[in-house]
Ligand code: COA
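Residue numbers (our numbering): 59 to 398.
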């Protein structure tokens, strides 16, 4: 006779929170002066338009995997957890330059997890906040006890040094967070979405078939690099994203007055300032400004900026921090988290 028993239900934690944060910044500092000749620009113009003074470019040894593992180890140490306690590794990146497999399983293995679920997320600059949203649902849904979320990029590999609109913006690095169970809410429901009508605003110049098909001479084949319609991205990010940030506060059930820290995607200092103005953030809210020294590191930018604020005492345990990230797709995600 067939059993009439139903399936077992989900057995997750009541809530989730970030338990530790880690960062890896490549050792080579690249000041604006090193880039300006190739794009007919000046240090003054770059600082005035973007707020970027310098950025880090990874060396040959600082691979996507190496940087991710270093950031993850720091996050695990801060969380007080060993790698075998991690059940899932979510890696947000657009610069792991192998179509398949994802880089996450290699990172999970090198860290010493016990065959954790591991996969990559491709949501460009919004990838880390997508990962945090997934992690909180996994912990609450019972598919993982602890999740490692990593944002890592080597954008210098896919940025043309002669492209005036991108060469001074994009950079390299990695950041990570461990998400685990909590008795009280530590990560608010995500506000996320996409605007595919603006798919072309930030994108690879061509796909791989175009690159391979353009010439019979392998020596002249070049990597598809990033292109960006800077003006349109600027307008979208400054206005539409301030609304999304406000929605994230609403979903968290807090007002801007109750916020301690604002960690927007480190795209451009003028966008950060425009968002803060549009949201009328009170003076006491401390704002991440890591872009000045790190450039735009896409998926790594939010965790790198948060890690810097924690290290410098600008984000303290128990603070409420609004994270928001946005970029190619166009894709965006925002949530409020309690700082570990
Ligand atoms: N150096 C010096 N001059 C430059 C330049 C450069 N790298 N790039 C463009 N210019 C010049 C242009 O030739 C133009 O000169 P003109 O007025 O004499 O014709 C002028 O600067 C304005 O060009 P424009 O393309 O309109 O620049 P902009 O004011 O939009 O600034 C960005 C360019 C990239 C700084 C700006 O659009 C931006 O910050 N966009 C958002 C980018 C971003 O953050 N993206 C990440 C989202 S994930």
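Glycine is no exception: its CB is placed at the ideal position from the N, C-alpha and C atoms.
Query raised in the report: Should residue 242 go down as buried or exposed, given a rule of 16 or more other Cβ atoms within 10 Å for buried?
Result: So residue 242 ends up on the exposed side.
Query raised in the report: For the stretch 234-254 against the stretch 106-120, are there 3 or more C-beta pairs whose distance is under 8 Å?
Result: no
Requested in this report: Taking only runs that begin and end inside the stretch 84-117, name each unbroken alpha helix (DSSP H) of 4 or more residues, in chain order.
Outcome: 101-108, all fully within the stretch 84-117.
Report task. May I have a chain-ordered list of the alpha helix (DSSP H) segments no shorter than 4 residues that lie completely inside the stretch 123-209? Result -> DSSP runs (the alpha helix (DSSP H)) wholly in the stretch 123-209: 162-169 and 185-199.
Query raised in the report: With a CB to CB cut of under 6 Å and the five nearest residues on each side skipped, what residues in its chain are close to residue 218?
Result: If we look at residue 218 and ignore the five residues flanking it on each side, its Cβ neighbours are 283.
Query raised in the report: Straight-line CA distance for residue 411 to residue 362?
Result: No answer is possible for residue 411: the residues shown for the chain start at 59 and end at 398.
Query - residue 248 vs residue 391 beta-carbon contact at 9 Å - result: yes
Query raised in the report: Under the criterion of a Cβ to heavy atom distance below 8 Å, does residue 285 qualify as lining the ligand ZN?
Result: Questions concerning the ligand ZN fall outside what the structure shown contains, since the ligands it does hold are the ligand COA.
Query raised in the report: Going by the CB atoms, is the gap between residue 136 and residue 164 shorter than 9 Å?
Result: no
Query raised in the report: Does the separation of the CB atoms of residue 323 and residue 269 fall below 9 Å?
Result: no
Query raised in the report: Would the C-beta of residue 323 count as close to the ligand COA, meaning under 8 Å from any of its heavy atoms?
Result: yes
**Report entry** Those residues which DSSP pairs with residue 381 across a bridge
**Finding:** Answer is 321 and 393.
Requested in this report: Give me the Cβ distance between residue 80 and residue 233, rounded to the nearest whole Å; I'm assuming they're in contact under 8 Å.
Outcome: About 7 Å separates the two Cβ atoms, so the contact holds.
Query raised in the report: When you compare only the Cα positions, how much space is there between residue 320 and residue 297?
Result: 16 Å
Query raised in the report: Taking DSSP as the reference, what is the three-state secondary structure of residue 326?
Result: coil
Query raised in the report: Which first and last residues belong to the beta strand (DSSP E) in which residue 448 is found?
Result: Nothing about residue 448 can be reported from this structure: the residues present for the chain run from 59 to 398 only.
Query raised in the report: Just to confirm, does residue 183 get its C-beta within under 8 Å of one of the non-hydrogen atoms of the ligand COA?
Result: yes
Requested in this report: Specify, as a first and last residue, the run of the beta strand (DSSP E) that residue 261 falls within.
Outcome: 260-262
Query raised in the report: Under the three-state reduction of DSSP, which class applies to residue 74: helix, strand or coil?
Result: strand
Query raised in the report: How far does the beta strand (DSSP E) with residue 288 in it reach, from first residue to last?
Result: Under the DSSP assignment, residue 288 falls outside any beta strand (DSSP E), being part of the alpha helix (DSSP H) whose first and last residues are 288-310.
Report task. Kindly examine the ligand COA and report whether one of its heavy atoms sits closer than 8 Å to the Cβ of residue 231. Result -> No, since every heavy atom of the ligand COA falls outside the 8 Å radius drawn around the Cβ of residue 231.
**Report entry** Bridge-paired residues (DSSP) for residue 63
**Finding:** Within the DSSP bridge table, the entry for residue 63 names no partner.
Query - Contact set for residue 303: own chain, Cβ-Cβ below 7 Å, skip 5 residues either direction - result: 333, 337, 380, 382 and 392
Query raised in the report: Considering residue 237, what are the terminal residues of the alpha helix (DSSP H) in which it resides?
Result: From DSSP, residue 237 is part of no alpha helix (DSSP H) but of the beta strand (DSSP E) over 230-240.
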